[in-house]
Amino acid sequence: MPEVHLITDPGDDRLGDYRALTDLELRTKWEPPNGLFIAEGELVLRRALRAGYRPRSYLIDEKRTDQIADLPGDAPIYAATPAVLEKATGFHVHRGVLASFHRVPLRTAEDVIASARRVTVLEDVNNHTNIGAVFRGAAALGIDAVLLSPTCADPLYRRSVRVSMGEVFAVPYARLEPWPDGLELLRRSGYTVLALTPDPGAVPLQRLTDAQRAKTALLLGAEGPGLSKNALAASDVPVKIPMRRNVDSLNIAAAAAVAFWELGRDDPDV
C-alpha cells in the first residue's frame, strides 16, 4: 500500500480535488473540464478500479486505513479525522472513503450501441439522483447502453455515482447529438424507438409485438415534464405502463425499472 499522509489542516492544498463537494455548480464546472470525478464509499471506489479508472488520490477517515490496505498503484492516500474531512469537503463523510479518479474519453453513440440489443435514451434528465438510479436499474435489468440528450446531468457526478452504487461504470454511455435528430442513428441501426408516455392511447409495454421487442431503444423523459413533443414525434411507438387507481405515472427510476424488466423478461439467460 502506498504511504498514508496524515492531513490535519482542512485547507491543505493536497485536498484541492475534494473542496466543496456539495456545491453542484462549482463541481459541475470544475470536474469534467479537468477530467476528474469523485467516488464515495469503498464499494464504489473498488468498482471504479475494476472498471479501469485510474485513481489520482484517496481521502479517508484515519480510522479506516486498514480496510484499503490492498489498494493497487501509487496514488497518494490522505487520511484525516472526520472533523477535518467535513471541513475540507463541506459535508459529513459518513462512508469514510473518497477518491479522485481520472475520467476516460467519452465514447461515441455509434460505439456504445454497436453490439447492444437494448438501450435506453434519456431526455433532459438533469437530476443526479435519477440519473444514478436509472443506471443502476439498467445494469441490473439487461440494458446494454445508455444514451443521454445534451442537457442530461453528468453520470459521473458524485451523487449519481453513489446512487448507482458504481453501476455507472458498468453500463456504456454516450451523448446523443444533435437532439432529437440523433435518434435517426438508432433507427438506421435497426432499433425500434419506444417512447414511454402516460398517454392513454399508447401501447401497453406487454403488448408489443415480437418484432417491436427484438431490438429496442426506450426513451425516458425528465421527472415532471416527460418527453418533449419533438422526441415523441421522432419515436416509432408510444408505449405505456398500465396503471391502476387513477395514478397517472411513476417517478423515472421506478418507471425505468418496470420497463427494463418487461423488455427483458424473455431473455433465456435470466
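If you use full-length UniProt numbering, the sequence shown corresponds to residues 1 to 270, in order. For each residue, glycine too, the CB sits at the ideal point set by N, CA and C.
Where the alpha helix (DSSP H) containing residue i begins and where it ends
| i | result |
| --- | --- |
| alanine 174 | First-last for alanine 174: 173 to 175, but that is the beta strand (DSSP E), not the alpha helix (DSSP H). |
| glycine 132 | 128 to 140 |
| glycine 264 | 252 to 264 |
| residue 271 | With the chain running from 1 to 270 in the structure shown, residue 271 is simply not present. |
| arginine 117 | First-last for arginine 117: undefined, no H or E at that position. |
| leucine 24 | 24 to 30 |
Residues that residue i bridges to, as DSSP identifies them
| i | result |
| --- | --- |
| glutamate 40 | Leu98 |
| tyrosine 157 | Answer is none; tyrosine 157 lacks a bridge partner. |
| glutamate 123 | Gly221 |
| leucine 148 | Leu122, Arg175 |
| leucine 6 | Ala79 |
heavy atom of the ligand ADP below 7 Å from residue i C-beta
| i | result |
| --- | --- |
| arginine 136 | Because no ligand of any kind appears in the structure shown, any question about the ligand ADP cannot be addressed here. |
Start-to-end residues for the beta strand (DSSP E) that takes in residue i
| i | result |
| --- | --- |
| aspartate 61 | 55 to 61 |
Anticipated Cβ contact below 8 Å, residue i with residue j, distance rounded
| i | j | result |
| --- | --- | --- |
| leucine 36 | arginine 56 | 6 Å |
| glutamate 40 | glutamine 67 | Not confirmed; about 15 Å, so no contact. |
| alanine 138 | leucine 185 | Going by Cβ atoms, the distance from alanine 138 to leucine 185 rounds to 19 Å, so no, they are not a contact pair. |
Every unbroken beta strand (DSSP E) within the stretch 74 to 104, with a cutoff of 3 residues, ordered by chain = Correct list: 77 to 80, 97 to 102.
Legend entry - Three CB pairs or more closer than 8 Å across the stretch 81 to 95 and the stretch 55 to 73: Yes, they touch.
Decide if the stretch 208 to 216 is in contact with the stretch 161 to 168; the criterion is three or more beta carbon pairs, one per stretch, under 8 Å apart.
Remark: fewer than three beta-carbon pairs, one from each stretch, lie closer than 8 Å, so the stretch 208 to 216 and the stretch 161 to 168 are not flagged as touching.
ask   = Which ranges does the alpha helix (DSSP H) cover as unbroken runs of at least 4 residues, wholly within the stretch 180 to 262, from first to last along the chain?
value = Here the runs fully enclosed are 183 to 188, 210 to 213, 229 to 233.
Just checking, does the stretch 107 to 123 make contact with the stretch 80 to 89 on the three C-beta pairs under 8 Å criterion?
Output reads no: the stretch 80 to 89 does not touch the stretch 107 to 123.
Inter-stretch contact at 8 Å, needing at least 3 Cβ pairs: the stretch 195 to 202 / the stretch 237 to 251:
Segments in contact, yes.
Next on the checklist: Would you call the stretch 202 to 213 in contact with the stretch 172 to 183, where contact means no fewer than 3 C-beta pairs closer than 8 Å?
Outcome noted: In this structure the stretch 202 to 213 does not lie against the stretch 172 to 183, because fewer than three pairs of beta carbons, one per stretch, are closer than 8 Å.
Given 8 Å, three or more beta-carbon pairs between the stretch 241 to 258 and the stretch 126 to 141:
Taking a cut-off of 8 Å for Cβ pairs, the stretch 241 to 258 and the stretch 126 to 141 touch, as three or more such pairs fall below it.
Counting beta carbon pairs with one atom in the stretch 98 to 107 and one in the stretch 132 to 144, are three or more of them shorter than 8 Å? Taking 8 Å as the limit for Cβ pairs, the verdict is that the stretch 98 to 107 does not touch the stretch 132 to 144.
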